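Those protein sequences? They're chains A and B, same order as listed. My numbering runs 694 ahead of the 1-based position in the first sequence. My numbering runs 17 ahead of the 1-based position in the second sequence. Idealized CB from N, CA, C, for every residue including glycine. This structure is a prediction, so every number in the text was calculated from the model and none was measured.
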Amino acid sequence: MEKRKIAVIGDPSSVMIYKAVGFDVFYETEKAQIEQRIHKLAEGGYVIIYITETAAQLVQEVINMYATATFPAIIPIPAGTKSLGLGMKRIKSNVEKAVGADILFKEG
Amino acid sequence: MATNINPTRMELTRLKNRLATAVRGHKLLKDKRDEMVRQFMIYIRRNNDLRQKMEAHLLAVSKNFSKARAEMGYLSMSEALLYPARSAEFEVGEKNVMSVDVPTITYTGATEEDTTEVPYSFAFTSSYLDSSVMDLTKYLPELLELAEVEKTCNMLADEIEKTRRRVNALEYVMIPEMQTNIKFITMKLAENDRASTVRLMKAKEMMNK
Chain A
695 MEKRKIAVIG DPSSVMIYKA VGFDVFYETE KAQIEQRIHK LAEGGYVIIY
745 ITETAAQLVQ EVINMYATAT FPAIIPIPAG TKSLGLGMKR IKSNVEKAVG
795 ADILFKEG
Chain B
18 MATNINPTRM ELTRLKNRLA TAVRGHKLLK DKRDEMVRQF MIYIRRNNDL
68 RQKMEAHLLA VSKNFSKARA EMGYLSMSEA LLYPARSAEF EVGEKNVMSV
118 DVPTITYTGA TEEDTTEVPY SFAFTSSYLD SSVMDLTKYL PELLELAEVE
168 KTCNMLADEI EKTRRRVNAL EYVMIPEMQT NIKFITMKLA ENDRASTVRL
218 MKAKEMMNK
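Below is the structure:
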C-alpha cells in the first residue's frame, strides 16, 4: 500500500472547493489542455482524476483510453447547478456492455 | 472447413486432443463469465447507488459554494482556499476480482471529529463556504469509494465482453469446426478401410479363379 494523489480538473468556479479537502486542483477548460493534463497526471502517478462533466464531454476519447488501465480512475463529477447525467450514462453503457441489455434501470 | 485436412490417424488424434482442450476451455470460460457477471451486478448496483447519492451531495455542495462565491468574490475565495485544511490521505492497493486487477482505495484521512476544521479564518469568509467545505469533507470517503467502484465496474465490463467473445468463438466456431473435421477424417479413414478390404477380396477372388 503506497500513498498517492488525487487530482481534480475543471473550470475554476466549480472545482476550487476541492482544494479545501486536499486534492490537487487544475483549472483547464480547453480540450487540448485537458487532454494534455490528463496524460501528464496519469504519468505523474495520480490515482483518481475527478473531472467535471463539462470537461469530460470534451475529452471522451482520452477517458476511454484510460478506462481499461488499473490507474488512474477518471471519474466524471457534476459541476455547477445540475448534473448532465454523464456518470449515469457511463453506468448504463457498462451494464449494456457486460450483460448485453440494460437490466439495471428497468427493474425499478 | 474440411478441405485442407490430412485424413491421417495422426491428424485425427491431434484434432481429438484439441477438441477435448477446447471443450474444457469453453466450460471454464463460461463459468468465469457467469461468475464475473454475478460480481459485476453486485458492483454495478453499488455504483448506481453511490453515484446517485454523490451527485445529489455534490450538487448541494456546489450550490452552497456558488452562494459563497457570490458573497465573497473570486479573489478572497481563492485566498481562503489557498492552503488545504488537510491532505486527502488514502491508501491504494490492487485487488484481484476474477483475474482482473482492480484498484482498492481506502480513505485514511480525517475522521468524523475533525471534519469541522476549515483552512481559513471565519472573519472574512461566508458561512456558505464553511458548510460546503464541511459537507465535502464528510462525503470524501464516499467520493473515493465511488471512484473505486466505478473503475471496478469499467474494468469488469470490459473483461466480461472479452470473455464472452472468447466463449462464443469457442462455442460457435472452433468446436463445431473441429467436430466436422474429426467426422471428415473418420469417414475418410473408414472409406479407405472399406476400399482396401474390397481390393483384398477382389484379389482373393482373382487368385481363386
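Within 10 angstroms of its Cβ, does B/Asn-23 collect 16 or more other Cβ (buried), or is it exposed? One-based indexing of the second sequence puts residue 23 of chain B at position 6. B/Asn-23 sits exposed, since fewer than 16 C-beta atoms from the chains shown fall within 10 Å of its C-beta.
Where A/Pro-766 sits in the DSSP three-state scheme: Counting from 1 along the first sequence, the entry for residue 766 of chain A is found at position 72. DSSP, reduced to helix, strand and coil, places A/Pro-766 outside both helices and strands of the structure shown, so it counts as coil.
Excluding sequence positions up to five away, which residues of its chain have a Cβ less than 6 Å from the Cβ of A/Gly-802? In the first sequence, the residue the question calls residue 802 of chain A occupies position 108. Interpretation of A/Gly-802 is limited by its pLDDT of 44, a score under 50 that renders its predicted location unreliable; the figure taken from the coordinates is listed afterwards. Result list for A/Gly-802: empty, nothing under 6 Å.
Kindly list, in the order they appear in chain A, the residues whose Cβ is closer than 7 Å to that of B/Arg-86. For the purposes of this step, residue 86 of chain B is identified with residue 69 of the second sequence, where counting begins at 1. The answer, in chain order, is Ser-707.
For B/Leu-76 and chain A, any beta-carbon pair shorter than 7 Å? The sequence position of residue 76 of chain B within the second sequence is 59, counting from 1. Residue contact check for B/Leu-76 against chain A: a CB pair falls below 7 Å.
Comparing C-alpha positions only, which one of B/Ala-164, B/Ala-37, B/Ala-87 and B/Met-53 sits nearest to B/Tyr-124? Against the second sequence, residue 124 of chain B aligns to sequence position 107. Looking at the Cα atoms, B/Ala-164 is the closest of the given residues.
Verify the CB distance criterion: does B/Ala-19 have a CB-CB separation below 7 Å to chain A? The sequence position of residue 19 of chain B within the second sequence is 2, counting from 1. Reliability of the predicted coordinates at B/Ala-19 is poor, the pLDDT of 48 falling under 50, and no value is obtained from them.
In or out: B/Met-172 buried (at least 16 other Cβ within 10 Å) or exposed? The residue labelled residue 172 of chain B in the question sits at position 155 within the second sequence. B/Met-172 should be labelled buried.
Does the beta-carbon of B/Arg-50 have 16 or more other beta-carbons within 10 angstroms, so that it is buried, or is it exposed? As a working note, residue 50 of chain B is residue 33 in the second sequence. Taking all protein chains shown into account, B/Arg-50 has 16 or more neighbouring C-beta atoms within 10 Å of its C-beta and is therefore buried.
Between B/Val-150 and A/Ile-711, how many whole angstroms is the CB-CB distance? I'm expecting something under 8 Å. As a first step, residue 150 of chain B is located in the second sequence; it is residue number 133 there, counting from the start. As a first step, residue 711 of chain A is located in the first sequence; it is residue number 17 there, counting from the start. Contact annotation, B/Val-150 with A/Ile-711: C-beta distance approximately 7 Å; criterion of less than 8 Å satisfied.
Would you report the Cα separation of B/Met-89 and A/Phe-720, rounded to the nearest angstrom? As a position in the second sequence, residue 89 of chain B is number 72, starting the count at 1. As a position in the first sequence, residue 720 of chain A is number 26, starting the count at 1. Using only the alpha carbons, I get a separation of about 21 Å.
Anyone know if the C-beta pair for B/Val-117 and B/Glu-176 falls short of 7 Å? Taking the first residue of the second sequence as position 1, residue 117 of chain B is located at position 100. Taking the first residue of the second sequence as position 1, residue 176 of chain B is located at position 159. Yes, Cβ-Cβ distance for B/Val-117 and B/Glu-176 is below 7 Å.
B/Gly-110 (DSSP reduced to helix, strand or coil): Within the second sequence, the letter at position 93 stands for residue 110 of chain B. In the structure shown, the three-state DSSP call for B/Gly-110 is strand.
Considering only DSSP beta bridges, list what B/Thr-123 is partnered with. Within the second sequence, residue 123 of chain B is the residue found at index 106, counting from 1. Looking at the DSSP output, B/Thr-123 shares a beta bridge with B/Glu-108.
Below 8 Å on the Cβ atoms is my contact criterion, and I expect B/Ile-199 with B/Leu-32 to pass it. Report the Cβ-Cβ distance as a whole number of Å. Here residue 199 of chain B refers to the residue found at position 182 of the second sequence. Here residue 32 of chain B refers to the residue found at position 15 of the second sequence. Going by Cβ atoms, the distance from B/Ile-199 to B/Leu-32 rounds to 5 Å, so yes, they are a contact pair.
Who does A/Tyr-740 pair with in a DSSP beta bridge? Translated into the one-based positions of the first sequence, residue 740 of chain A becomes position 46. A/Lys-699.
What are the uninterrupted segments assigned as beta strand (DSSP E) that are 3 or more residues long and contained completely in the segment 146-209 of chain B, given in chain order? You should have found no qualifying run.
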